[in-house]
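**Student:**
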Amino acid sequence: MVSHRPTVRRGPGRPGRVTGISAAAAAAAAVLAPAVTAEAAPRDEPRAVKARVDRLHEQAERAAERYNAAKEREEGLEERIDELQDEAARGQERLNRLREGLGPVATAQYRSGGIDPAVGLVLSSEPGEYLDRAATLERVAGRRAAELREAVAAQREVRQKRAEATTTLDRLDETRAQLAAHRRAVQSRLAAARRLLDRLDPAERARLGLGPGDGRAPLPDRYQEGLRTAPASGRAAAAVAAAQRAVGLPYVWGASGPSSFDCSGLMVWSYRQAGVALPRTSQGQLNAGRRIPLEEARPGDLVLYRGDASHVAMYVGGGQVVHAPRPGAAVRYDPVDMMPVTGVTRV
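According to our numbering, the residues represented by the sequence shown are 1155 to 1501, in order.
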């Protein structure tokens, strides 16, 4: 049986949707905070430059988390479109089989003076407003009536699946417009930060903590005892081990391993090694488990930072976390109180 699966374009620029996509892009751009001015006066002190760079990195990280959220939506919509297309194709094949079975009924009715409207309804490729007029089914008796009811239901289901696929595709187009806007926001802020950093010599960048660093420095001795604290669970222990193996690997926004990470991507990858699926964004990870007080944190717990939970790290014990800190830096250890803590989540 030939499949009648509808062809649905997934690329951008589909005709008839320019206004909607433009509006989605504008909405995505509107939620992005204005970038900190990258141009610093020649007399700016290095610490003033660092403050501006830190703000730009913070803005970039927020935009990156919005990008991650949109990317997660895009993947879900693509999966749903595939499901709908498959369901519509299977429904069409079933409808074709039912139509073949009803063909003899139509032939007999034609010879006797005309085709019943209900039979014509199912045999038509454009049933229109007659699709929902089930009363016509009463004109066909017995087993054929049941077959006809099944065919009408199959026809209705195919139309619904195709309509839902079209609507979902519209949402996919809007999401892709948002992705592009968030990508531009990240790139512009990182470029501005890079221009500022280029004004500092390597020694100044290192002194201000803006150098690349490989994150491999051992933890201070006073933290070693705390690292013996037992993880909250076996999967937490596996996630901690994975995150510690990532120490020294570079931060890359939008990356979730195995060779580079952003902050939430490191958590996703680490827990994936333990067989646990986490949401892709730091905000989603805040609600991915049970919230606990910071003083009760154990290795493997997720520590969220800033009021909007736009940064996440993993507690490893001894008052330390491991995280992917910022562009230009490597996965490393830092004190748990390096930034204001929003919440702690036990997965």
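Positions of the beta carbon are idealized from the N, C-alpha and C atoms, including for glycine.
Three-state secondary structure (DSSP) at A1451?
**Tutor:** Three-state result, A1451: coil.
**Student:** Grab me the residues of K1204's own chain with a C-beta within less than 7 Å of its C-beta, minus the 5 sequence neighbours each way, in chain order.
**Tutor:** Closer than 7 Å at Cβ, skipping near neighbours: L1362 and L1364.
**Student:** On the three-state DSSP scale, how would you describe D1327?
**Tutor:** helix
**Student:** Could you tell me which residues DSSP pairs with M1468 in its beta bridges?
**Tutor:** The partner list for M1468 (beta bridge, DSSP) reads L1456 and V1476.
**Student:** Starting from V1394, follow the alpha helix (DSSP H) in both directions and report where the run begins and ends.
**Tutor:** G1388 to R1399
**Student:** In whole angstroms, what is the alpha-carbon distance linking A1223 and A1307?
**Tutor:** 37 Å
**Student:** In this structure, how does DSSP classify S1410 when only helix, strand and coil are distinguished?
**Tutor:** strand
**Student:** Taking the beta strand (DSSP E) that V1495 belongs to, which residues open and close that run?
**Tutor:** Segment V1495 to R1500, the beta strand (DSSP E) holding V1495.
**Student:** What separation, rounded to the nearest whole angstrom, lies between the Cα atoms of E1328 and G1473?
**Tutor:** Rounded to the nearest angstrom, the two C-alpha atoms are 43 Å apart.
**Student:** For my contact list, W1407 and A1214 are in at a C-beta cut-off of 8 Å; report their separation, rounded to the angstrom.
**Tutor:** 7 Å
**Student:** Using the three-state DSSP reduction, which class does P1481 fall into: helix, strand or coil?
**Tutor:** coil
**Student:** Do you know offhand how far A1428's Cα is from P1385's?
**Tutor:** Rounded to the nearest angstrom, the two C-alpha atoms are 13 Å apart.
**Student:** Let me make sure I understand the geometry here. Which of L1238, T1496 and A1397 has the alpha-carbon closest to that of A1478?
**Tutor:** A1397
**Student:** Would you mind sorting G1461 into buried or exposed? The rule is 16 or more other CB atoms within 10 Å of its CB.
**Tutor:** exposed
**Student:** Secondary structure at Y1487, three-state DSSP: helix, strand or coil?
**Tutor:** strand
**Student:** State whether the region 1446-1460 contacts the region 1322-1340, with contact taken as three or more CB pairs (one from each stretch) at a distance under 8 Å.
**Tutor:** Touching, no, given that fewer than three Cβ pairs across the two stretches are closer than 8 Å.
**Student:** What whole-angstrom Cβ distance do I1446 and R1500 have, given they're in contact under 8 Å?
**Tutor:** 5 Å
**Student:** If the criterion is Cβ atoms closer than 8 Å, does the pair L1249 and Q1309 meet it?
**Tutor:** Yes.
**Student:** Among the residues of its own chain, which have a CB less than 8 Å from the CB of G1443, if the five just before and after it don't count?
**Tutor:** L1456, T1499, R1500 and V1501
**Student:** Measuring straight from C-alpha to C-alpha, what distance separates R1227 and L1302?
**Tutor:** Rounded to whole angstroms, the gap between the alpha carbons of R1227 and L1302 is 39 Å.
**Student:** Are the beta-carbon atoms belonging to C1417 and S1436 less than 8 Å from one another?
**Tutor:** yes
**Student:** Check D1286 in the structure and name its three-state DSSP category.
**Tutor:** The predicted model places D1286 with a pLDDT of 44, which falls under 50 and marks its position as unreliable, so this point remains unresolved.
**Student:** Would you mind working out which of V1207, E1233 and P1433 sits nearest E1219, comparing C-alpha positions?
**Tutor:** P1433
**Student:** If R1206 sits next to L1403, beta carbons under 8 Å apart, how far is it from one beta carbon to the other, in whole angstroms?
**Tutor:** Not really, about 27 Å apart at Cβ, beyond 8 Å.
**Student:** Looking at the unbroken beta strand (DSSP E) that takes in R1445, where does it start and where does it end?
**Tutor:** R1444 to I1446
**Student:** What does the alpha-carbon distance come out to for the pair T1383 and G1471?
**Tutor:** 6 Å
**Student:** Nearest by alpha-carbon distance to E1229: which of Q1246, R1330 and A1409 is it?
**Tutor:** Checked all of Q1246, R1330 and A1409; the closest Cα to E1229 is R1330.
**Student:** From which residue to which residue does the alpha helix (DSSP H) around P1356 run?
**Tutor:** P1356 to R1361
**Student:** Terminal residues of the continuous alpha helix (DSSP H) containing Q1439?
**Tutor:** S1436 to L1440
**Student:** Tell me the DSSP secondary structure of P1200 in three-state form.
**Tutor:** helix
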